[in-house]
Each structure stands twice: as C-alpha cells, then as structure tokens.
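Below is one structure, written out as structure tokens; the observations come after it.
There are 2 protein chains.
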Amino acid sequence: MALEHAILVSLLEKPGSGYELSRRFERSIGYFWTATHQQIYRVLKRMEQDGWIDVRDVPQQGRPDKKEYSVTGPGRAALSGWLHEPVEPESVRHDLAVKIRGAVFDDPAALIREVERHRQAHADRLTHYLAGEQRDFTGAGAEAPLDAGQELQHVVLRGGIAYERMTIAWLDDVLATLHRLRPAP
Amino acid sequence: MALEHAILVSLLEKPGSGYELSRRFERSIGYFWTATHQQIYRVLKRMEQDGWIDVRDVPQQGRPDKKEYSVTGPGRAALSGWLHEPVEPESVRHDLAVKIRGAVFDDPAALIREVERHRQAHADRLTHYLAGEQRDFTGAGAEAPLDAGQELQHVVLRGGIAYERMTIAWLDDVLATLHRLRPAP
DNA sequence: CTTGTCTATGCAACGAGTTGCATAGCAAGA
DNA sequence: TCTTGCTATGCAACTCGTTGCATAGACAAG
Chain A
1 MALEHAILVS
11 LLEKPGSGYE
21 LSRRFERSIG
31 YFWTATHQQI
41 YRVLKRMEQD
51 GWIDVRDVPQ
61 QGRPDKKEYS
71 VTGPGRAALS
81 GWLHEPVEPE
91 SVRHDLAVKI
101 RGAVFDDPAA
111 LIREVERHRQ
121 AHADRLTHYL
131 AGEQRDFTGA
141 GAEAPLDAGQ
151 ELQHVVLRGG
161 IAYERMTIAW
171 LDDVLATLHR
181 LRPAP
Chain B
1 MALEHAILVS
11 LLEKPGSGYE
21 LSRRFERSIG
31 YFWTATHQQI
41 YRVLKRMEQD
51 GWIDVRDVPQ
61 QGRPDKKEYS
71 VTGPGRAALS
81 GWLHEPVEPE
91 SVRHDLAVKI
101 RGAVFDDPAA
111 LIREVERHRQ
121 AHADRLTHYL
131 AGEQRDFTGA
141 GAEAPLDAGQ
151 ELQHVVLRGG
161 IAYERMTIAW
171 LDDVLATLHR
181 LRPAP
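Protein chains in written order, with full-length UniProt numbering: chain A, 1 to 185; chain B, 1 to 185.
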C-alpha cells in the first residue's frame, strides 16, 4: 500500500490538513497517485493512531478550523523502511484496451468518439504538465540551480509528460486503425 | 468495472473455464488487465447468476474435469451496452514515483538498484510483447490479411509495446538523475 | 434572505482486490 | 511409495477504493 507513504511524502514536503492533502492529490501528487478525501481522512486517522503523524488544531479566520498533520519520527522511519523494500512493477489497467478488443463483437466505428474523448483528456493533461514544468523547473533554471528535491520532482513530472505523449500517439494509432476498419465489408 | 467485460471479451473470443481464463489473464488479456483466479471464480459465479454466461461440465482425461463457460445473448448485450457508455480515462498509479519523490527524505542513491530492477522487468515485458507481435501479426502478414479482430488485438499490443519503451526510456532518465545527485554535498 | 460556493470533516454501505488456506485428480520421477 | 508439480475449484477474512450522504462555518451574489 502506498497511500500512507504518499501522504508521508506530501506531509514531509509541507504539513497540512486532510482537506489540503486532498487538494494536493488533485494536482502534483495526483499525477501518479489518486485519492479521494474519504480515503485520506480514513488513512490519516489510522496513521495518527499508529503514531506516524501528529495533529494540531489550527483555528482559522474566515473559514472553518482545520487539523494540521505533521510527520513524527516513527512516521519518517516507516517511510525509510518502505523506501528500502522492493515494490512490484505495476501492471497497467486500461478499460479502453478492453473496449478496443471487445469492439469486434459490436461496431468498431462506434468507439471512435470515445477514443477521441480520451485523446482530448490526455492532451489536456499534457498541456497542464508542460505548464507546470515551465513554471517550476524551466523558468528559474539558469540562475537558481535546482536542489535534490526539485530534481526528483522534475524527473517524476518528465515521466508524466512522456506517458501522456506516448498515450496520445497510441490513441492516434488506434483512431487510424478504427478508420481503416470502417470501410470493410 | 471492467473485469466482467474483460471476461466477456475473452469468452467471446473462445469459451473456457475459470482456470483457463486465469491463464489468459497472465498473458494476452493480462497485458492491460490483471486478475487472480479468486476474482475470476467469484465474478464468473455472479455472471452466471445474472444470466450473462452459461456453464457446461466438461469431463477430461488425464486431468480434473472443468466447467466451460460461454457467453449468452444477455451477456453479449451487456457487453454492447458497456461499449457504448463512456469510461473515465485512467489515472496512473506508480509506487515508484512516490518512492522517487520520497527519496529526498532518505538516500536517493539507495533507489538505484530498485529502479534498475524495474527497468529489467519492463525490458523483459517488452521482449515478450515483441515476440508475440512477431509470432501473431508480422509472420503471416504478407499472405494472409488480418481480420478486424486481429487488427484490434494488434493495436492494443502496439500500445503495450509503446508503453514499455516509454517506461524504459523514463527509467533511464531516472537513473541518470539519481547518479547526477550522488556526488552532491 | 435565500441560494450557491468554497472550506473542512466525517459516517455508512458497498464493491473491488489481495492473501492465505483447503481440497482433489492425475502424472512423473526419486 | 513419497514427493513434487500441474490442473481445477473454491472459502474466509481482510484491506483498498468508491459513492452517497451529512454537517457546518464563512462569504458573495441575487
């Protein structure tokens, strides 16, 4: 399970509340690990019971109070332990691939709009990633050399960019294949 | 949920038992959708109750008897329905990306072996995919034109190949970054 | 002053997925 | 004969993840 560890990383980068974490999971961390606020609140509770994180009530003005979590020594140790143990390489899961293989039992051409929709979604993500790269890593490049944390964040982002580019190219291949099949007998 | 639908596709391609399905999920279908035999047996039971599939007891010689499942009319209709409704584009989930971002709170160099291990696993998968492509799609290309089902299987396989190539290139990028960070103060 | 939106936290129920274990037929080799 | 290994099916218990719902403070627009 990596949700706990993803939360530890995020809280080490900057302490925050469950709500703030759920926002972060919509952007940077969420590029490679998604989580809803339900999951986050539940896991935060367990992590607190396990002594991995501390809570602090933070009164706020103009908005409801929040609970700010920060990583404890044992939490940091738990992350270290996990970093040193191997994880299995992920297997991909693509609904769309199932659909493409299933299309032969229905109408392949009916999939074209769906594939185009996916292509658009991936193109949007790519644009978003590229904007983030421009903002966080390219702009200050010449004058302020990046520290190790930024280098590592950047290489992860480059992975996201490569993934989206590859996916878009593949979806173009899929579309070409579907169009080629259309005028068949 | 796509497991039901992946099973429908696989059973439409060729009827089979739960055991056979679990073997298929280790190879072709499993390239983009994994499932253990536990999941498969449980889902097969539900699908049978829902009338999506039929069972037939098949006595065998030299091995235990099996139950062969095949798709019914309602099952085929359920697949059709699913093919026509949109699915959300997947979000990636990468333990490794979490580890890379977390490495800055530990020792980045300690990740090198882990990343190399992943690189090897992806290189193995790529070799496997390429062998499958050679066997199923390239060999008979000139004389026997592919039918629609084969074309669609091929484009899905090309997706797997593109994914592995992209991942290997990215892991090389990650390794270069980790090596670059090593001689830092 | 009501409605909508954003922040902020949480419960309950369900479905999906994993892990460990159990059983049993049959075959091949030590 | 005993062990190992492959085929074949399944239960039980657990964790992970999703969905729908509920509450509540603050603010802004109509």
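For glycine and all other residues, C-beta sits at the position ideal for the given N, C-alpha and C.
Residue i, DSSP secondary structure in three states
i	result
B/Ser80	helix
A/Glu68	strand
A/Ala63	The sequence shown places Arg at residue 63 of chain A, rather than the Ala named in the question. The answer is coil: DSSP assigns A/Arg63 none of H, G, I, E or B.
B/Arg182	coil
B/Ala6	helix
A/Ile74	The residue you asked about is not Ile; residue 74 of chain A is Pro in the sequence shown. In the structure shown, A/Pro74 sits in a helix (DSSP, three-state: H, G or I).
A/Glu88	coil
A/Thr34	coil
B/Met1	coil
Boundaries (first-last residue) of the alpha helix (DSSP H) holding residue i
i	result
A/Glu26	Run containing A/Glu26: none; DSSP gives neither H nor E here.
B/Met47	His37 to Gln49
Bounding residues of the beta strand (DSSP E) (the contiguous stretch that carries residue i)
i	result
residue 193 of chain A	There is no way to answer for residue 193 of chain A, as the model of chain A reaches only from 1 to 185.
B/Ser17	Looking at the DSSP string, B/Ser17 is not in any beta strand (DSSP E), and its letter there is neither H nor E.
Residue i Cβ short of 8 Å to the ligand FMN heavy atom set
i	result
A/Arg180	This structure simply doesn't include the ligand FMN, nor any ligand for that matter.
>> Any contact between the stretch 52-72 of chain B and the stretch 82-100 of chain A? By contact I mean 3 or more CB pairs, one from each, below 8 Å.
In response: No, they do not touch.
> At what residue ranges does the UniProt domain "Transcription regulator PadR C-terminal" (92-178) of chain B contain a whole run of the alpha helix (DSSP H), taking only runs of 4 or more?
Replying inline: The UniProt domain "Transcription regulator PadR C-terminal" (92-178) of chain B contains, as complete alpha helix (DSSP H) runs of 4+ residues, the segments 95-102 and 112-133 (chain order).
> Is it true that the stretch 4-18 of chain B meets the stretch 164-180 of chain A, where meeting means three or more beta-carbon pairs spaced less than 8 Å apart?
Replying inline: Not touching, per the Cβ criterion.
> Quick one: any contact between the stretch 112-128 of chain A and the stretch 115-134 of chain B, if contact means 3 or more CB pairs under 8 Å?
Replying inline: Pairwise C-beta distances place the stretch 112-128 of chain A out of contact with the stretch 115-134 of chain B, as fewer than three of them are shorter than 8 Å.
>> Taking 8 Å as the cut-off, does the stretch 35-45 of chain B touch the stretch 56-65 of chain B (at least 3 CB pairs, one atom from each stretch)?
In response: Contact between the stretch 56-65 of chain B and the stretch 35-45 of chain B is absent: fewer than three C-beta pairs spanning the two stretches fall below 8 Å.
>> For the stretch 76-85 of chain B against the stretch 102-112 of chain B, do three or more pairs of beta-carbon atoms, one drawn from each stretch, fall closer than 8 Å, so that the two count as touching?
In response: With a cut-off of 8 Å, the stretch 102-112 of chain B and the stretch 76-85 of chain B do not count as touching, because too few Cβ pairs lie within range.
> Would the stretch 27-36 of chain A and the stretch 46-54 of chain A be scored as touching if the rule is three or more Cβ pairs under 8 Å?
Replying inline: The answer is no - the stretch 46-54 of chain A does not touch the stretch 27-36 of chain A, with fewer than three Cβ pairs under 8 Å.
> Counting Cβ pairs, one atom from each stretch, are 3 or more of them under 8 Å apart for the stretch 154-165 of chain B and the stretch 130-140 of chain B?
Replying inline: Contact between the stretch 154-165 of chain B and the stretch 130-140 of chain B is present: 3 or more CB-CB pairs across the two stretches fall below 8 Å.
> Does the stretch 160-177 of chain B come close enough to the stretch 164-179 of chain A to have 3 or more Cβ pairs within less than 8 Å?
Replying inline: Contact between the stretch 160-177 of chain B and the stretch 164-179 of chain A is present: three or more C-beta pairs spanning the two stretches fall below 8 Å.
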